[in-house]
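Protein chains in written order, with the working numbering: chain Z, 139 to 478; chain S, 588 to 872. What follows is a short report on a single structure.
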Amino acid sequence: MNVCYISDESFPTFVKSLMKKTPVVAPVAKGPRFIFDELKDINELRLDYTTTVLPPKKIFFPPKQDLLEFDNGKAKGCINPQEKILLGVHPYDIKAISMTDKLFSSNYPDSNYLANRESITIVGSNVQTPYERSFFGSIAQEMELAGHDAFLTKIAGGYVLDALTEKGEKLVAGAELDEASKEQISEAADVNAKAEKSSPKKLEFDADDIKEKMRASFKSKIWDELSEDCFSCGSCNIVCPTCYCFDVQDEWGLGTANGKRYRRWDACQTSEFSQVSVQGGSENFRENRAERYRHRMMRKTAYLNDKLGVPACVGCGRCASACTADIADPVNIITRIMEN
Amino acid sequence: MCDGKTNIAKDDNIFLPKEAEVVEAKKMTASETHFILKMRNGDTMKYKPGQIVEAGVLGYGEIPLGFSSSPTQTEKTGTFELVVREVGKVSKALSALKSGDTMTLRGPLGNGFLVDECKGHDVLIVAGGIGLCPMRSMIKYILDNRNDFKRFSLFFGAKSSADQLFPEDLEEWRLSEGIEYLEIVDKSDEKWRGKVGVITQLFKDIEALDASTKVIICGPPVMYKFVIAELERFNIPLENIYVDLERRMKCGVGKCGHCQVNDRYVCMDGPVFRFSDIKNLEEAI
Numbered sequence: 139m140n141v142c143y144i145s146d147e148s149f150p151t152f153v154k155s156l157m158k159k160t161p162v163v164a165p166v167a168k169g170p171r172f173i174f175d176e177l178k179d180i181n182e183l184r185l186d187y188t189t190t191v192l193p194p195k196k197i198f199f200p201p202k203q204d205l206l207e208f209d210n211g212k213a214k215g216c217i218n219p220q221e222k223i224l225l226g227v228h229p230y231d232i233k234a235i236s237m238t239d240k241l242f243s244s245n246y247p248d249s250n251y252l253a254n255r256e257s258i259t260i261v262g263s264n265v266q267t268p269y270e271r272s273f274f275g276s277i278a279q280e281m282e283l284a285g286h287d288a289f290l291t292k293i294a295g296g297y298v299l300d301a302l303t304e305k306g307e308k309l310v311a312g313a314e315l316d317e318a319s320k321e322q323i324s325e326a327a328d329v330n331a332k333a334e335k336s337s338p339k340k341l342e343f344d345a346d347d348i349k350e351k352m353r354a355s356f357k358s359k360i361w362d363e364l365s366e367d368c369f370s371c372g373s374c375n376i377v378c379p380t381c382y383c384f385d386v387q388d389e390w391g392l393g394t395a396n397g398k399r400y401r402r403w404d405a406c407q408t409s410e411f412s413q414v415s416v417q418g419g420s421e422n423f424r425e426n427r428a429e430r431y432r433h434r435m436m437r438k439t440a441y442l443n444d445k446l447g448v449p450a451c452v453g454c455g456r457c458a459s460a461c462t463a464d465i466a467d468p469v470n471i472i473t474r475i476m477e478n
Numbered sequence: 588m589c590d591g592k593t594n595i596a597k598d599d600n601i602f603l604p605k606e607a608e609v610v611e612a613k614k615m616t617a618s619e620t621h622f623i624l625k626m627r628n629g630d631t632m633k634y635k636p637g638q639i640v641e642a643g644v645l646g647y648g649e650i651p652l653g654f655s656s657s658p659t660q661t662e663k664t665g666t667f668e669l670v671v672r673e674v675g676k677v678s679k680a681l682s683a684l685k686s687g688d689t690m691t692l693r694g695p696l697g698n699g700f701l702v703d704e705c706k707g708h709d710v711l712i713v714a715g716g717i718g719l720c721p722m723r724s725m726i727k728y729i730l731d732n733r734n735d736f737k738r739f740s741l742f743f744g745a746k747s748s749a750d751q752l753f754p755e756d757l758e759e760w761r762l763s764e765g766i767e768y769l770e771i772v773d774k775s776d777e778k779w780r781g782k783v784g785v786i787t788q789l790f791k792d793i794e795a796l797d798a799s800t801k802v803i804i805c806g807p808p809v810m811y812k813f814v815i816a817e818l819e820r821f822n823i824p825l826e827n828i829y830v831d832l833e834r835r836m837k838c839g840v841g842k843c844g845h846c847q848v849n850d851r852y853v854c855m856d857g858p859v860f861r862f863s864d865i866k867n868l869e870e871a872i
């Protein structure tokens, strides 16, 4: 497939040509942080971003997604994919997307997710400024970087754009880009190799050892201690690129017979998550915050590891910074368990 | 994986329910309603005893319910049965449905009782309260295929005689020779002539249980531990005990995470579990 070179001078023109054809969602600054948002002005593009507040999954698995519309007792689906280019996705987020792809397409494939996902063209980009709480260089390393359509690497004077799929090829078709030289391709490989290891935090343990030790710690008192300051707010869930739990609710429209059924991101750290209504009240199967706190870590390191072959954590560091009490950092939690 | 090659047909939407017509809605108690249903598209619902459906009303939502009829009956009549206990918003909307109304359904979902493993063995069913409803699918199945099973016992505990569901069935089972039926209520009243106490007391009334007996338990969460302790007294191995778990389920297909117990999804891997498989899962019961 095509490997092109785009100089810093011609890069804005290239992105603008993409924006003319298809909405481009990319990292932009929001206050002191960054978010993925539809690019309206090329000058807002910040490929030097650290990490975004919410992961890019929100583009195809939105915080609130309609599942059904109903009118006079008749229901129909709401699958309505819109083509978009998701530009500037860091490798750790690409891995997380591969994970949710697998989870939503296994057993009962969820077309509400998959149709949106397939309408997105993903252009990855190397980490230029590693986020201070990130540890992507030491987790999910066995996982191949896949599922994206093109990859953009910042080198001196410009970018190397590697088109990896048909969708990726479409981006460069007709753009009259120069082919990248051997030197440029080799420089890009060096940049990526360095970028992949550039995260400041590090997990020193092997994924299988983590899984084993975490499972063995299930009944340990350490979970009470670790979760002591937890507010059960669910922020760690909401910012996580591999969390995908949701709630389903119905709402009526303004008419008397029409409405919608939608799903909304949910969080296993909240006390209502595992509640079951029973006559005269409710039962809660993870009533204590220590149980919920443990559940999140077990899911990431053990339960989903069994399904994915790697831990369902990509080291983005978002949960670490989103937690008000600063007790959600997987590096700290896993290290404590491993050394316990 | 998503490689752009998956062709998604619109009718593959896992959240799009099918319509069932309420053939009959019978109030059983102050809070329970018994529904007899048939699919509006003319299909026969194909299910196994112990499987569940997501039953709903558009505009209110869905809840998981176990079939309370046996597939042997559905094959003959084309109808199937569900029991709704009114506890929340959705169950209230479901309970208000009348004959001719539409109930939406997704399913059958999950794994049912391991019928084949029970064949050729003694079977004991222990049901508490509304736990009788999903068990009824298995009880009726066994009675319809009685020769496939050896000794068949049913222990049923309810709060009071007024809370006993399916009184006509109970009357039939009291008289039937095909089933050894023992019952108990927490609180006696003028009408009640039977035993009073907790369900585990019924184990005192039997002399022996063959160690190869297959036992199925469904009831309020508090019941499981005590019943299992009794079974251990009779040397029933934990592999022979099946439990039917209840959880909040939003998707019913192993995605939304609500019913997750350790690494199992009650909706997909259950709701029936072999007790030996989940006994170490702290959050299970």
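All C-beta atoms in this analysis are idealised placements derived from N, C-alpha and C, irrespective of residue type, glycine included. Bear in mind that the values here come from a model prediction, so they are computed numbers and not experimental data.
Whole-Å CB distance - residue i paired with residue j, under 8 Å assumed
i, j, result
"Tyr728/S", "Ser657/S", "4 Å"
"Phe739/S", "Val710/S", "5 Å"
"Ile639/S", "Pro695/S", "7 Å"
"Gly643/S", "Thr691/S", "4 Å"
"Leu205/Z", "Tyr400/Z", "6 Å"
"Pro338/Z", "Ala234/Z", "That belief does not hold up - the Cβ atoms of Pro338/Z and Ala234/Z are roughly 19 Å apart, past 8 Å."
"Val329/Z", "Ala460/Z", "So it is not a contact: roughly 29 Å between Cβ atoms."
"Ala288/Z", "Leu309/Z", "6 Å"
"Ser412/Z", "Arg424/Z", "4 Å"
Nearest candidate by alpha-carbon position, reference residue i, set the options
i, options, result
"Tyr251/Z", "Phe242/Z, Lys233/Z, Cys454/Z", "Phe242/Z"
"Gly841/S", "Glu770/S, Arg851/S, Glu704/S", "Arg851/S"
"Phe753/S", "Glu619/S, Asp599/S, Ala607/S, Glu608/S", "Glu619/S"
"Ile650/S", "Met836/S, Asp776/S, Tyr768/S", "Met836/S"
"Glu366/Z", "Ala284/Z, Asp179/Z, Lys398/Z, Ile471/Z", "Ile471/Z"
"Tyr441/Z", "Glu325/Z, Phe343/Z, Ala213/Z, Lys351/Z", "Lys351/Z"
"Trp361/Z", "Tyr269/Z, Met476/Z, Glu421/Z", "Met476/Z"
"Ser373/Z", "Leu177/Z, Pro193/Z, Ile223/Z, Gly393/Z", "Pro193/Z"
"Pro409/Z", "Ile348/Z, Ala428/Z, Tyr400/Z, Arg399/Z", "Note that residue 409/Z is Ser in the sequence shown here, rather than Pro. Ranking the options by Cα distance to Ser409/Z, first place goes to Ala428/Z."
"Gly285/Z", "Lys240/Z, Asp328/Z, Leu177/Z", "Lys240/Z"
"Cys368/Z", "Cys383/Z, Pro247/Z, Lys398/Z, Tyr431/Z", "Tyr431/Z"
"Phe172/Z", "Tyr269/Z, His433/Z, Asp404/Z", "Tyr269/Z"
"Lys676/S", "Gly646/S, Phe622/S, Lys685/S, Gly844/S", "Gly646/S"
"Glu777/S", "Glu770/S, Ala749/S, Val785/S", "Ala749/S"
"Val317/Z", "Lys305/Z, Ala301/Z, Ala327/Z", "It is Glu, not Val, that sits at residue 317/Z in the sequence shown. Here the closest residue by C-alpha is Ala301/Z."
"Gly629/S", "Gly637/S, Thr661/S, Val702/S", "Thr661/S"
"Tyr811/S", "Ile766/S, Asn600/S, Asp831/S", "Asp831/S"
Buried or exposed (CB count within 10 angstroms, at least 16 for buried), residue i
i, result
"Gln847/S", "buried"
"Asp385/Z", "buried"
"Gly455/Z", "buried"
"Thr190/Z", "buried"
"Ile793/S", "exposed"
"Lys774/S", "exposed"
"Ala331/Z", "exposed"
"Ser263/Z", "buried"
"Val809/S", "exposed"
"Ile804/S", "buried"
"Asn375/Z", "buried"
"Arg627/S", "exposed"
"Gly295/Z", "exposed"
"Val162/Z", "buried"
"Pro721/S", "buried"
"Gly697/S", "buried"
"Leu392/Z", "exposed"
"Glu363/Z", "exposed"
"Val783/S", "exposed"
"Phe208/Z", "buried"
"Ile827/S", "According to the sequence provided, residue 827/S is Asn. The question's Ile does not apply to it. Result: buried."
"Asn210/Z", "exposed"
Residues bridged to residue i [DSSP beta-bridge criterion]
i, result
"Gly262/Z", "Val227/Z, Phe289/Z"
"Ala164/Z", "Asp175/Z"
"Ser420/Z", "Ser415/Z"
"Gln847/S", "Tyr852/S"
"Lys351/Z", "Paired residues: none, contrary to the question."
"Cys142/Z", "Leu299/Z, Glu317/Z"
"His621/S", "Lys613/S, Val670/S"
Exercise. Along the chain, which unbroken stretches of the alpha helix (DSSP H) at least 4 residues long are found entirely within the region 684-746 of chain S?
Worked result: 702-705, 719-731
Exercise. Unbroken beta strand (DSSP E) runs of length 3 or more, entirely within the region 770-852 of chain S: which are they?
Worked result: 801-805, 828-831
For this session: Would you list, in sequence order, the uninterrupted beta strand (DSSP E) runs of no fewer than 3 residues that lie entirely inside the region 372-398 of chain Z?
Result: 384-390
Exercise. What alpha helix (DSSP H) runs, 4 residues minimum, are completely inside the region 176-248 of chain Z?
Worked result: 229-243
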